[in-house]
Amino acid sequence: MSFIKLAFKGLLRRPAGFIASCLTIAIASLVLILSLGLSQGYDSALISNIDNLGANILAIPKGCPYEATGVILSGGNLRYAVAENQLEPIKKTGGVKIVSAVIMGQRAVGPYKKVHVIVGADENYHLMRPKLGFKKPFAENEVALGYKISQVLSTKVGDDFDIAGRTYKIAAIADKGSTEDEDLVFMNLKSAQKLLKAEGMLSSVLIQVDDPAQSDTVAKRLMTIPDLQVITIGDFQATISDFVSGARIAIFSVLIIIILIASVGILTTQASSVAERKGEIGMMRAMGATSGQVLFESTLESAILGFFWCHSWHCAWLCPLIQCQRTDQKKPSAIAEWKHHFNRLDFGHNDTGHSHRHINPGCLWPSQKRRQHKTNGGSFR
Amino acid sequence: MSDTIIAKGISKSFKRGTETIHAIQDISLNIGKGEMLSIMGRSGSGKTTLLSCIGMLENIDSGSLVLEGRNIKDLSEAQRTILRRELMGFVFQRFFLIPTLTAYENVALPGLFAGKKLGKDHIMELLEMVGVSQRYDHRPGQMSGGEMQRVAIARALALDPPVIIADEPTGNLDTANAEAVFGLFRKLASQGKTIIIATHSQKLAKDCDRVVELMDGRITRDEKN
Chain A
1 MSFIKLAFKG
11 LLRRPAGFIA
21 SCLTIAIASL
31 VLILSLGLSQ
41 GYDSALISNI
51 DNLGANILAI
61 PKGCPYEATG
71 VILSGGNLRY
81 AVAENQLEPI
91 KKTGGVKIVS
101 AVIMGQRAVG
111 PYKKVHVIVG
121 ADENYHLMRP
131 KLGFKKPFAE
141 NEVALGYKIS
151 QVLSTKVGDD
161 FDIAGRTYKI
171 AAIADKGSTE
181 DEDLVFMNLK
191 SAQKLLKAEG
201 MLSSVLIQVD
211 DPAQSDTVAK
221 RLMTIPDLQV
231 ITIGDFQATI
241 SDFVSGARIA
251 IFSVLIIIIL
261 IASVGILTTQ
271 ASSVAERKGE
281 IGMMRAMGAT
291 SGQVLFESTL
301 ESAILGFFWC
311 HSWHCAWLCP
321 LIQCQRTDQK
331 KPSAIAEWKH
341 HFNRLDFGHN
351 DTGHSHRHIN
361 PGCLWPSQKR
371 RQHKTNGGSF
381 R
Chain B
1001 MSDTIIAKGI
1011 SKSFKRGTET
1021 IHAIQDISLN
1031 IGKGEMLSIM
1041 GRSGSGKTTL
1051 LSCIGMLENI
1061 DSGSLVLEGR
1071 NIKDLSEAQR
1081 TILRRELMGF
1091 VFQRFFLIPT
1101 LTAYENVALP
1111 GLFAGKKLGK
1121 DHIMELLEMV
1131 GVSQRYDHRP
1141 GQMSGGEMQR
1151 VAIARALALD
1161 PPVIIADEPT
1171 GNLDTANAEA
1181 VFGLFRKLAS
1191 QGKTIIIATH
1201 SQKLAKDCDR
1211 VVELMDGRIT
1221 RDEKN
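Structure representation (structure tokens):
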């Protein structure tokens, strides 16, 4: 006979109450695990995606930076464009190591004419984004496909590929699961500009600096170039962290309420159990049990109840993840939600307009706001 | 016969709302080693309270109580618990067996609280002595009232205490079982254990060495049979 055995047997005294308590705790712990998983997955997936971008700084047309960065991360048409002739001053800026010009747009592709995002990139793109697995720059009349789209359309390297009535040769297919760009079609910058009817226009410029620690300094230099908005990856990560922290606080508030409800559930079950066992507890005391031993036994029951079911949910949660790894599937990622959110924003089909819009101060990154605040002598304009 | 229990002028009262109920008043009682004493009286006469005070389940309001030479007023709550564990075995009318434990496990329970591992042979011996060894793996719900009370007696004897306190142990039993259980107490008394039994049964009380009768919390009769 041991206290653990006694506690286990005590729990089985009221099967209905036991099951009800278990369900309450199970639901609470499931929500806890899901919420923490979502929060963590969301955070890490975003950060990983930003890292995969391969750039320290993004140069984008003036406009809403949230919109621009979202479109660049997930693919889509920007409403405003950077003029291609701004590429030279960017390249000449001190501290800039390598620059890749990118244009994005959407066109119907493949035999089913489904609209996909087209990414036109120059000769440095494959160097800045090695995780895609492209070995060389895209030549004219060649395309490279994201892994997913190649699977969906059952295409392989060397096949012909139709985009808006023009035929291209598939030169490469991106590595599986390398980035979140599995739905994109990559092509030569000039070909993409021609296809998107946006000659001389760029959606963004990816910039790698010599020393990532000096990103802010380089960004300040780049800001002197007219009609250009500059975002450092640090800015973006900080903003994402702000978003995620806010979401996390909300999640934790809900969790605290759920845990309180679960605790009240356990408390009620244990209180009724203790009331029901008043005579037995008295008998235990008569047998020489100290009040500490009686309290320990009751607490042990609650602890087993909590541990057993929380643990079962941990197992239930971990099993699919382990299975995912075994079958080499990608872990479910919150980035899909992020993408979905931005894809819902319709930026138009051929709209690559001009960059003559002023920045809406409300649309600045928090770190940019701070910087502007300092520039304006402590007051927002 | 040396006195195991010496109670001098003990009183105990309870508050029920604004009313004070004097459950026992000025009770003096010496109980010798190996004595089998029955406490009789109507319901509410103070039998259970007297047993609870002797068993240190209730603190006395006044008077003194000496158990095996130790005055309980000098003891802390923890020391009383240990003394109770060493000195007393309890048997109640409602058995209070743990329903999810088998007969064997119920008997083993006092060992858990005392931090002693009771041997299998010892437990089976106790069950054999009370006549339910064949039911060692049965739960209380699978046993009759008489069998449950026997298991409760075996449990009371698990740590071999010198005093057994039984509060109406035959109250829930039929005549045959009541006599059998009483026979067990008789046997224990003959082995040198002090038995204090609260009972309503005149017939069973007559088989005890001594009868104490209570009325309104006071002793009205104290006779040897």
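Keeping their order, the protein sequence lines are chains A and B.
At position 15 of the first sequence the residue is numbered 15 (this note's numbering), and the sequence of numbers has no breaks.
At position 91 of the second sequence the residue is numbered 1091 (this note's numbering), and the sequence of numbers has no breaks.
Where a beta carbon is used, it is the ideal one built from N, C-alpha and C, also for glycine.
None of the values given here were measured: they were computed from a predicted structure.
**Asked** Do you know whose CA, among Lys9(A), Val99(A), Ala81(A) and Asp235(A), lies nearest Glu199(A)'s CA?
**Response** Ala81(A)
**Item:** Neighbourhood of Asp1216(B) by C-beta, 6 Å cutoff - its chain only, sequence neighbours within 5 removed
**Value:** none
**Prompt:** By Cβ distance below 7 Å, which residues in the same chain neighbour Ser1002(B) in space, the five residues on each side in sequence not counted?
**Reply:** Gly1032 and Lys1033
**Asked** In chain A, what lies closer than 7 Å to Thr1081(B) by C-beta?
**Response** Gly288 and Thr290
**Request:** Would you mind working out which of Leu222(A), Ile103(A) and Gln40(A) sits nearest Lys197(A), comparing C-alpha positions?
**Result:** Ile103(A)
**Item:** Residues bridged to Asp1167(B) [DSSP beta-bridge criterion]
**Value:** Phe1092(B) and Ala1198(B)
**Item:** Chain-ordered chain B contacts of Phe3(A) [CB-CB under 8 Å]
**Value:** Leu1112
**Asked** Should Gly10(A) go down as buried or exposed, given a rule of 16 or more other Cβ atoms within 10 Å for buried?
**Response** buried
**Request:** Determine, using beta carbons only, whether Lys1193(B) and Pro1169(B) come nearer to each other than 8 Å.
**Result:** no
**Prompt:** Using 8 Å as the limit for Cβ to Cβ distance, is Gly1055(B) near chain A?
**Reply:** yes
**Asked** Which whole-angstrom value is the C-beta distance of Ser21(A) and Thr269(A), which I expect to be below 8 Å?
**Response** 4 Å
**Prompt:** When the cut-off is 8 Å and only beta carbons count, does Leu305(A) lie next to chain B?
**Reply:** no
**Positions along the stretch 266 to 283 of chain A whose CB lies within less than 7 Å of some CB in chain B** = Gly279, Glu280 and Met283
**Prompt:** When the Cα atoms are used, what is the spatial distance from Gly1063(B) to Gln1202(B)?
**Reply:** 29 Å
**Request:** Compute the Euclidean distance between the alpha carbons of Met1056(B) and Pro15(A), then round it to the nearest angstrom.
**Result:** 35 Å
**Item:** For Glu142(A), the nearest candidate out of Phe186(A), Val230(A) and Gly292(A) (CA to CA)
**Value:** Phe186(A)
**Request:** Answer with buried or exposed for Ser203(A), where buried requires no fewer than 16 other C-beta atoms within 10 angstroms of its C-beta.
**Result:** buried
**Request:** Could you say which of Phe236(A), Val119(A), Met1(A) and Thr24(A) lies nearest to Ile259(A) if we only look at CA atoms?
**Result:** Thr24(A)
**Residue range of the unbroken beta strand (DSSP E) whose run includes Met1036(B)** = Met1036 to Met1040
**Prompt:** So what's Gly1032(B) in DSSP terms, helix, strand or just coil?
**Reply:** strand
**Asked** With C-beta atoms as the reference, is Ala1198(B) less than 8 Å away from Asp1174(B)?
**Response** no
**Request:** Can you tell me the Cβ-Cβ gap for Val1132(B) and Ala1158(B), rounded? I've got them flagged as a contact below 8 Å.
**Result:** Contact doesn't hold; Cβ gap of about 14 Å is too wide.
**Message:** Checking 8 Å against the spacing of the C-beta atoms, do Leu189(A) and Gly120(A) come in under that value?
**Reply:** yes
**Asked** Whose CA, out of Ile27(A), Gly94(A), Ile240(A) and Met287(A), lies closest to the CA of Thr224(A)?
**Response** Gly94(A)
**Request:** Rounded to whole angstroms, what's the CA-CA distance from Pro130(A) to Ser253(A)? Just pull it up for me.
**Result:** 41 Å
**Message:** List, from N- to C-terminal side, the alpha helix (DSSP H) runs of 4 residues or more that fit wholly inside the stretch 1071 to 1139 of chain B.
**Reply:** 1077 to 1087, 1103 to 1114 and 1120 to 1130
**Request:** Would you mind giving the Cβ-Cβ distance between Ile304(A) and Ala45(A), rounded to the nearest angstrom? I have them listed as a contact below 8 Å.
**Result:** Not confirmed; about 36 Å, so no contact.
**Prompt:** Looking only at C-alpha atoms, which of Leu206(A), Ile257(A), Ser273(A) and Gly265(A) sits nearest to Lys384(A)?
**Reply:** Because chain A in this structure spans residues 1 to 381, residue 384(A) falls outside the shown range and cannot be described.
**Request:** Just tell me which of Phe18(A), Pro111(A), Leu127(A) and Leu267(A) has its CA closest to the CA of Val99(A).
**Result:** Leu127(A)
**Message:** Per the DSSP calculation, Thr155(A) is bridged to which residue(s)?
**Reply:** DSSP output for Thr155(A) lists no bridge partner at all.
**Message:** Please report the straight-line C-alpha distance between Thr1081(B) and Ala1114(B), rounded to a whole angstrom.
**Reply:** 10 Å
**Prompt:** What does Pro1099(B) touch in chain A if you count any residue whose Cβ is under 8 Å from its own?
**Reply:** Arg13
**Message:** Taking the alpha carbon of His1022(B) as the reference point, which residue from Val1066(B), Ser1011(B) and Cys1208(B) has its own alpha carbon closest?
**Reply:** Ser1011(B)
**Asked** Quick one: Cα of Leu1188(B) to Cα of Met1088(B), how far?
**Response** 13 Å
**Request:** Note down, in chain order, each residue of its chain lying with its Cβ closer than 8 Å to the Cβ of Asp1209(B), except the 5 sequence neighbours on either side.
**Result:** Glu1035, Met1036, Leu1037, Ala1189, Lys1224 and Asn1225
**Asked** For Ile432(A) versus Leu228(A), is the C-beta distance shorter than 8 Å?
**Response** The structure shown does not extend to residue 432(A), since chain A is modelled only from 1 to 381, so the question has no answer here.
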